[in-house]
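Participant:
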Amino acid sequence: MADVRLPTPVSSGDLILDRRFEWARESFAAGDATAVSELLGEVVQSAPRFAPAWFLLAEAREALGDRTGAIAAFRTALAADDSDRQGAAVRLARLGALPPVAMPTAYIRSLFDGYAAGFEEALVGRLGYRGPELLIGALARAGTLTSFGSVLDLGCGTGLAGVAIKPHAQQLTGVDLSSRMLEAARGKGVYDRLAETECMTFLREEAVTGARHDLILAADVFIYFHELMQVPRFAVPVMAPGALIAFSVETHDGDGVILRDTLRYAHGEAHVRHALKQGGLQLVCLQSAPARNEKGEPVPGLVVVARAPS
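Per numbering that gives the first Met the number 0, the sequence shown starts with residue 0, numbered consecutively.
Encoded structure:
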């Protein structure tokens, strides 16, 4: 089962049904998927637009090996919530019922708002995360680690990459969807500016203003992108001549993009190279390096540095 925290649900509109839903959540957390199915039967019948109940029912069916039933319930959850805060479309893609999809903004925001409090302890302490260190090391080995006038930290989260790059940044801007993650980043005291928005939206708006930056960092951000072609399309217009972009992704042995059971995308090396070339970026450095562990094993990854046209 993927380790994804359910967002705080909205009410079904009925206190009794809401209580049954809470019992079902508790049962699912305890590993009793059969009880979830029994508890939610009446809930979804009486409140057919209660998306969180359909989503939890889908998870329970999947845990019980009922793929067809899970797909049906995930589809109903998606139809009941246009913003898709639970990420039903992503689950459908993982089950092969949809092609790889862009992760819903509301889902990402809700997911990381929920993770913010214990994020660093879990990511660094338990999973051995070292994405920022890998990016700084790649810039140094490529001979491109210098003093940058303006640095963008896309998907800055709690500010781990910001702390790592701050000694080399005259101006540092962090961008993230999650307000709670940004609260933690603000507490680090390293950012000159923080923006609560989706990364590509931010880049598009920066281009309109004529802003230009000398380095763009994206530590483990594009693992939530179903394809990388959009990255140069939005990044290059805000990069100063000869500016750099450094990012990390998870990877796999194939050429394309796959959605892992962890609900993170893994990009084949060929896909990464093609996206950079098509976007007019010159590859400076591409190295294999795991940025985190999963179940005690390193997750295959790539660390990439590319340069904008001079």
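All residues carry an ideal CB built from backbone N, CA and C; glycine is no exception.
Spatial neighbours of residue 159 within its chain, please: CB distance less than 6 Å, with the 5 preceding and 5 following residues excluded, ordered by chain position.
Facilitator: 131
Participant: Which of the three DSSP states is assigned to residue 241 in this structure?
Facilitator: strand
Participant: Between the C-alpha atoms of residue 125 and residue 117, what's the straight-line distance to the nearest angstrom?
Facilitator: 11 Å
Participant: If you draw a straight line from the C-alpha of residue 213 to the C-alpha of residue 194, how long is it?
Facilitator: 18 Å
Participant: Starting from residue 54, trace the beta strand (DSSP E) both ways and give me its first and last residue.
Facilitator: It is not in any beta strand (DSSP E) - residue 54 instead sits in the alpha helix (DSSP H) that spans 50–62.
Participant: Straight-line CA distance for residue 257 to residue 281?
Facilitator: 25 Å
Participant: Run through the stretch 116–171 for me and flag every whole beta strand (DSSP E) of 3 or more residues, listed as ranges in chain order.
Facilitator: 147–153
Participant: Would you identify the three-state DSSP class for residue 300, choosing helix, strand or coil?
Facilitator: strand
Participant: Just the C-alpha distance for residue 11 and residue 97, rounded to the nearest angstrom, thanks.
Facilitator: 27 Å
Participant: For residue 270, which of 288, 248 and 283 has the nearest alpha-carbon?
Facilitator: 248
Participant: I'd like to know if residue 142 contacts chain D, where contact means its C-beta is closer than 7 Å to some C-beta of that chain.
Facilitator: Protein chain content of the structure displayed is limited to a single chain, and chain D is not contained in it.
Participant: Which value, in whole angstroms, describes the spacing of the CA atoms of residue 152 and residue 198?
Facilitator: Straight-line spacing of the CA atoms in residue 152 and residue 198 works out to 9 Å.
Participant: Would you check if there are 3 or more beta carbon pairs closer than 8 Å linking the stretch 136–143 to the stretch 271–291?
Facilitator: yes
Participant: Throw me the rounded Cβ distance for the residue 155 and residue 148 pair, which I believe falls under 8 Å.
Facilitator: Wrong, their Cβ atoms sit about 18 Å apart, outside the cutoff.
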